[in-house]
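Residue numbers (the numbering used here), protein chains in the order written: chain W, 1 to 306; chain X, 1001 to 1445.
Think of the CB as a built atom: it goes at the ideal place given N, C-alpha and C, for glycine as much as any other residue.
Written below as structure tokens is the structure these notes are about.
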Amino acid sequence: MIEEETNSRREFLEKSIVGGLTALSAASLFSSCHGDDVKETGEKVKLLSPDGTIVEVDSAYINTNIPELHLSEHNIREGVPGKKFVMVIDLSRCKNARKCKEGCSKMHFLPKERSYVKVEKMQDSEMAAPYWMPMTCFHCDNPPCTKVCPVDATYKLSDGIVSIDNNRCIGCRFCMVACPYSARIFNWGEELYGLNDAEAKAIPDHDACSSHKLGTVEKCDFCPQMGEKNELPDCVKACPNGVFYFGNEYDDAVTNGDETLQLSELLKTKAAFRYLEELGTKPRVYYLPPVNRLFPFKDSEESKNS
Amino acid sequence: MESDFKKEHEKLLDLTKELMPQKFGRTGVIWVISLVVIIAIGLVAYIHQLSKGLIITDMRDYSSWGIYISNFVFFVAISLVGSLISAILKLTHAGWRTPLTRIAEVIAVSAIAFAGLTIIVDMGRPDRMINLFIHGRIQSPIIWDVLVVTTYLVISTLLLFIPLVPDIALCRETGVNPSFWNKKIFKFLSLNWKGKKSQFFLVHKSIRILAVLIIPVALGIHTVTSWLFATTFRSGWDSTNFGAYFVSGAFMLGAGAVIAAMFLIRRQYKLENHITDAHFDKMGKLLVLLSLVYLYFNINEYLVPAYKMKHGEAEHLNDLFTGHFSLMFWSVQFFGMILPIFVLISKKGRKPLPAFLISIMVIIGAWFKRFLIVTPTLLHPFVPIQNVPDAWKSYNPTWEEWSIAFATLAGACLLMTIFIRVFPIIPIWETAEERGIIVDTHEEK
Ligand code: SF4
Ligand code: SF4
């Protein structure tokens, strides 16, 4: 059962829906319910519980002061507790707006044309219609990239994320050739980033996600520093067409910021698939097929094949 | 009896004098200087790379491995010859191999040393190399490679050194060329060798053990090297055939390298009495056999996928057969494999000069073959290459990459040259044994 929320509550969702949906956070959310004299505001907020039912609570009961977990403070080799991040990309909505790329670039201090998200022009066969396919790192559950790393500089976390330790990576690039999805990029030289010294220094050190260290590998990191604050990654937020859904598998829910859907139901009813499933990499990113497209396909210069 | 031994020993010393390392002539000096210049240029390029990062190469996100890696594979391949000549031919009792063993072994040691160096050159963060030891994880084929290459280096060095000990002692004994350095180094390296029966017994025994040990390790280094590719999903690499394919190519390349080295050393040192036309004939035949085996694996490696033309593989193969890389591909297959078979199959073709020219072709072909294994595959990933600058869609090594690659090749050549200058390249006591001269003339005390 999928509850389609159409009213605009984007802002709230961005702040806390991912976490607000969890049984775990639900407990903390309502922690102030009992005994305390909370003044109800009258503004009702709908939340999706883990079993898929919708509960309505007064916004006053929402505890927005969820204690923050600084990623840099916990072990970067463990994931965000209580999370199993998952993404669903709806190919029928993508019109190659490339806002996800921009959002990602901004988030990660990458030059405009370089980001961890790719938007690929795909055409499955000659007669089939072309479509746009945004691709992040799939954070595979059976990741070929982490297997080959000689120094354990890239590894799988408990929250599903495949992470990189840019302070350990020796730059052998074996993980890049092992990833069948070409998800990884390399810091070939600082000049690629077009940052001057001051700008480069201004980049906050964020251990748990890809950072720029010369001669090491980088890729989409699923923005754990956002996820742990129950916020959405920038690519998800930036997309004007709601292509990306992000969420916590433990909650069985994903959201694109506008609507929140039950993950299992969505995957079932929309015939979701994972890219190159036959390789056995078990991606954590699902695709909804490009049927009943929202936009007609318009080719773009950037995607001319070589 | 005493005097008999004396006579035998005189013979041995005469042979030693004949085979002593000699000063270089003009060609030798020019050769060394050119090598040093090439190495110097490479060093400059490498310093440049250290300061700027790999941006100075033409490797980018898609062509993320380039000629450093193909050069590494080339080095590992060529080093297999040590095991071929010293071990396989020894265990099959091919007596004619004796004058070639040291040549093969010195090629092996130099090549494997520079293989290691090449990997460091390829690393984005060579300063963190220590992580391989602190954080090494056994599940990564790179760690397997590190382990097995180091083992191979150790065994090869022993196989080079142990038979050398008696020869060093002999060289000292002749008293020719007694420069200060030679005296000191030779004294140290001859390890108190007296030429006793028991000592020879030990040498024979250790060589035999090492010869057996080195075969699985040799197969190991190149099989594991092939797994750096075959353990991935990439078109052209995702093959169960890869280990055997690499090993067979390596033996072929190694045989070619020995022929080339034989020719040059024989010419420079006037060793026609030791490295005879018959050796070229035998090595030529061996090279034909090895080329045929390699041809067999090539047919497997290209024909079977080409028969199916699976999506992904098809793009890669079309690019090789008729596309961007076709000229290189067919030249390598023809000049580096087919033509050598046809030339060396005739007796005339196995004369020293034609065999030498063919072996040069084999070596150059083999280098580009490794390029063709690494680069075209990377340029045909599953996800189409889009949204990157056009220059990133192809791979054209920069002058820095070429200089560094050439410098490592020159470095290996220089190492061999220095060895030949300092030590006798034809095994003296083994040759003497072959000729029936008694070598262990010193009585046990
Ligand atoms: S998409 Fe590639 S880089 Fe990301 S987890 Fe899977 S194999 Fe690794
Ligand atoms: S490039 Fe870095 S992360 Fe990738 S395999 Fe090598 S050491 Fe590991």
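Taking the DSSP output, what are the residues bridged to residue i?
| i | result |
| --- | --- |
| Q262/W | A253/W |
| W1193/X | Looking at the DSSP assignment, W1193/X forms no beta bridge with any residue, so it has no partner. |
| E120/W | M133/W |
| T341/W | As shown, chain W starts at 1 and ends at 306. That puts residue 341/W outside it, with no answer to give. |
| L288/W | D90/W |
| V217/W | F186/W |
| E78/W | Answer is none; E78/W lacks a bridge partner. |
| F1325/X | In the DSSP output, where bridge partners are listed per residue, F1325/X has none listed. |
| E301/W | Paired residue(s): none; E301/W is not in a bridge. |
| F1251/X | F1251/X is not bridged to any residue. |
Taking only the alpha-carbon atoms, compute the straight-line gap between residue i and residue j and give it to the nearest angstrom.
| i | j | result |
| --- | --- | --- |
| S1190/X | A1169/X | 5 Å |
| I1055/X | V1106/X | 35 Å |
| I76/W | K99/W | 29 Å |
| P296/W | N1387/X | 21 Å |
| K1184/X | R1172/X | 10 Å |
| A1366/X | V1332/X | 7 Å |
| L276/W | C179/W | 12 Å |
| I1120/X | Y1046/X | 11 Å |
| E1158/X | V1203/X | According to the sequence shown, residue 1158/X is Leu rather than Glu. Spanning the two alpha carbons is a distance of roughly 11 Å. |
| R1102/X | T1092/X | 17 Å |
| M1309/X | F1161/X | 50 Å |
| H212/W | R1125/X | 13 Å |
| K270/W | W1392/X | 37 Å |
| L263/W | R274/W | 14 Å |
| I164/W | V1224/X | 25 Å |
| A1256/X | W1144/X | Strictly speaking, residue 1256/X in this sequence is Gly, with Ala absent from that position. G1256/X and W1144/X: Cα-Cα distance of roughly 27 Å. |
| V1422/X | L1372/X | 37 Å |
| D124/W | P150/W | 35 Å |
| S1063/X | T1375/X | 7 Å |
| S1086/X | F1005/X | 29 Å |
| I1038/X | W1227/X | 32 Å |
| K118/W | C235/W | 11 Å |
| T64/W | R184/W | Residue placement at T64/W is flagged as unreliable, the pLDDT there being 44, under the threshold of 50; a coordinate-derived value is accordingly withheld. |
| P1389/X | Q1049/X | 22 Å |
So residue i is in the alpha helix (DSSP H); what residue range does that whole segment cover?
| i | result |
| --- | --- |
| K101/W | K99 to M107 |
| T1027/X | R1026 to K1052 |
| P1340/X | L1339 to L1344 |
| K1282/X | D1277 to K1308 |
| S1070/X | I1067 to S1079 |
| D1319/X | E1313 to F1321 |
| Q225/W | P224 to G227 |
| A1410/X | W1399 to V1422 |
| N1131/X | N1131 to I1134 |
| R1435/X | From DSSP, R1435/X is part of no alpha helix (DSSP H); its letter is neither H nor E. |
Return the residue from the list the options that minimises the CA-CA distance to residue i.
| i | options | result |
| --- | --- | --- |
| P283/W | E259/W, G227/W and F85/W | F85/W |
| F1368/X | M1059/X, A1077/X, G1053/X and T1057/X | A1077/X |
| P290/W | Y155/W, P134/W and E218/W | P134/W |
| L91/W | G171/W, D299/W, E218/W and L294/W | L294/W |
| W1429/X | F1075/X, R1234/X and L1164/X | L1164/X |
| S300/W | E265/W, L288/W and K95/W | K95/W |
| I1033/X | R1435/X, L1414/X, H1048/X and V1146/X | L1414/X |
| I1214/X | I1155/X, V1304/X and F1335/X | I1155/X |
| T1071/X | T1118/X, W1031/X and M1059/X | One detail in the question is off: residue 1071/X reads as Asn in this sequence, not Thr. Comparing Cα positions, the closest option is T1118/X. |
| I1069/X | I1041/X, I1142/X, T1027/X and R1097/X | I1142/X |
| F1419/X | A1040/X, A1104/X and K1011/X | A1104/X |
| T1398/X | M1059/X, L1012/X and K1017/X | M1059/X |
Can you name the start and end residues of the beta strand (DSSP E) that residue i belongs to?
| i | result |
| --- | --- |
| Y245/W | F244 to N248 |
| S163/W | V162 to I164 |
| I89/W | F85 to D90 |
| W132/W | Y131 to M135 |
On the premise that residue j lies in contact with residue i, defined as a C-beta separation below 8 Å, what is that separation, rounded to the nearest angstrom?
| i | j | result |
| --- | --- | --- |
| V148/W | C169/W | Rounded, the Cβ-Cβ distance is 13 Å, inconsistent with contact. |
| L1089/X | I1426/X | In fact, because the Cβ distance is near 16 Å, the residues do not count as touching under 8 Å. |
| M1361/X | L1339/X | 7 Å |
| T1431/X | P1099/X | 6 Å |
| V162/W | T136/W | With a Cβ gap of about 11 Å, V162/W and T136/W do not count as contacting. |
| M87/W | C223/W | Rounded, the Cβ-Cβ distance is 11 Å, inconsistent with contact. |
| T1151/X | V1217/X | 5 Å |
| F1229/X | W1237/X | 4 Å |
| I89/W | V254/W | In fact, because the Cβ distance is near 10 Å, the residues do not count as touching under 8 Å. |
| E1313/X | S1394/X | About 20 Å; that fails the 8 Å criterion. |
Worksheet item: Can you pull every residue whose C-beta falls closer than 7 Å to some heavy atom of ligand 4, listed in chain order?
Response: In the structure shown, ligand 4 is absent; the only ligands present are ligand 1 and ligand 2.
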